[in-house]
Amino acid sequence: MKNNVKILNTPNDKINLLNLNPQDLYFFLDSLGEKKFSVKQIMNWIYKHYCNDFNKMLNLSIKTRKKLNEKSYIFASEFLEEKISSDGTIKWITEINDQKIETVYIPEKKRSTLCISSQIGCALKCDFCATGKQGFNRNLKVSEIIAQIWQANKKLKQKNIKNCITNIVFMGMGEPLLNLNNVVSALKIILDEYGFALSKRRITVSTSGIVPALDKMKNMIDVSLAISLHASNDAIRNTIMPINKKYNIKSILNSALKYLKHSKANRGGITIEYVMLKGVNDSNKNANELSFLLHKIPSKINLIPLNPFLGSSFLSSDINRINIFADILRRKGFTTVIRKNRGEDINAACGQLTGNITNRFKN
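For the sequence shown, full-length UniProt numbering assigns the number 1 to the initial residue and increments by one for each residue that follows.
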């Protein structure tokens, strides 16, 4: 088969079509002797009508439906539980073979963001993040990434919420660039007009700085980029983010700058994420160091008050210190936003996702 499509994950060697981006789906259908226009028809049924039954796809011939039933299926892992925050944030949990992932929906006045996971757990072990404390289990398949959006849209429609999802961020569990191929394949479905049809500027991939993968990604896909920096110098970042010992700040920002030069989705600059840790990275000196690091990189800065979790040794900077830090950056000419914590009461805020909807973290 062209393009080496071999996503066989049932005893009958049937292919889950949610694992196939538009190009892969074309090659799969071509191997069945089907015409190119069938791709649009099938994707329209899957991603616009949320149909997982080939027999209901009535604009396909009976012969085509028979071949599809013999060789493939459509399966999106369902949400096991739902938790709703007092601020309207919703957290869903999916269980796959006794392993759990979390997906978070964040409604705002002018947009609604879905924060999705790319891995079960995370290998990077950032000290301020509950997901990192959990450890790494495995990468998510394309279908498991896509299922989060598919099921979220269905749930929101059932709640009669209009304009369900306007933005998608890969900021849930895991490091997206350590699952690069599956993430890019999922992005192609999210971007496609017969898929979820979101604009590249409304999709953000956040990375802690896996430099080789980021260098590859610029030639694979174009979406908004966020860098989880969280430190103003290598000494601090080495302490709180072990990945920095492999890919230091200079190498990450150089890679981000190269990505920017290729990107139309990042015309306003990349997003720099910076968690505020009391007495660690929040001094005036740190703010000035950060502004110097970024002075040649078009960027906007998100300052994130630390979200607490059991087992963490860090405290969040107080709001006065965060405001002073932000003011220094603004005077230097940086667009700087202090992120409002959302879903903290249901452990759905940044850095709190552990795959356990009831108990935030177990020692």
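Glycine included, C-beta positions come from ideal geometry on N, C-alpha and C.
According to the Cβ coordinates, are Y73 and N16 closer than 7 Å?
-> Yes, Cβ-Cβ distance for Y73 and N16 is below 7 Å.
Please name the residue or residues paired with M57 in a DSSP beta bridge.
-> Paired residues: none, contrary to the question.
For P107, collect the residues of the same chain with a Cβ closer than 6 Å to its Cβ; drop the 5 residues on either side in sequence, then sort them by chain order.
-> Closer than 6 Å at Cβ, skipping near neighbours: G88.
Which residue from L114, N323 and K83 puts its Cα closest to that of A147?
-> Looking only at L114, N323 and K83, the smallest Cα-Cα distance to A147 is reached by L114.
Going by beta carbon distance, what residues of the same chain come within less than 8 Å of D127, once the five residues before and after it are set aside?
-> Counting only Cβ-Cβ distances below 8 Å, and skipping sequence neighbours, we find T239, I240, M241, S312, S313 and F314.
What is the rounded straight-line gap between the Cα of L20 and the Cα of S185?
-> Distance between the alpha carbons of L20 and S185 is about 7 Å.
For V5, count neighbouring Cβ atoms within 10 angstroms of its own Cβ and tell me buried if that reaches 16, exposed if not.
-> Note that V5 scores a pLDDT of 47, beneath 50, so its modelled location is shaky; the value from the coordinates is reported in the next line. Result: buried.
Can you tell me which of the three DSSP states P107 falls into?
-> DSSP places P107 in strand when its eight states are reduced to three.
So is G351 buried or exposed if we call it buried at 16+ other beta carbons inside 10 Å?
-> Unreliable placement is indicated for G351, whose pLDDT of 47 sits below 50; the coordinate value is still reported in the next sentence. G351 comes out buried.
Which value, in whole angstroms, describes the spacing of the CA atoms of K154 and N160?
-> About 10 Å.
Local Cβ density within 10 Å of Q99, reported as buried at 16 or more and exposed below that | Per the 10 Å Cβ criterion, exposed.
Within this structure, are the beta carbons of I84 and I90 separated by less than 7 Å?
-> For I84 and I90, yes; Cβs fall inside 7 Å.
For S263 versus D222, is the C-beta spacing smaller than 7 Å?
-> One thing to note: S263 has its Cβ within 7 Å of the Cβ of D222.
Straight-line gap, F292 to D24 (C-alpha atoms, nearest Å) = Going by C-alpha positions, F292 is about 44 Å away from D24.
Under the assumption that R330 contacts D282 (Cβ atoms under 8 Å), give the Cβ distance between them as a whole number of angstroms.
-> Actually they are not in contact, since the Cβ atoms of R330 and D282 sit about 16 Å apart, beyond 8 Å.
Whose CA, out of T207, L191, M43 and G209, lies closest to the CA of R201?
-> Minimum Cα distance to R201 is reached at L191.
Look up S232 in the DSSP assignment and say whether it is helix, strand or coil.
-> Note: S232 maps to coil in three-state DSSP.
Could you tell me the distance, in whole angstroms, from the CA atom of I210 to the CA atom of L60?
-> Distance between the alpha carbons of I210 and L60 is about 43 Å.
Which partner residues of S112 appear in the DSSP bridge assignment?
-> Paired residue(s): P107.
Report the rounded CA-to-CA distance for F136 versus A231, giving the unit in angstroms.
-> Just so you know, the alpha carbons of F136 and A231 end up roughly 23 Å apart.
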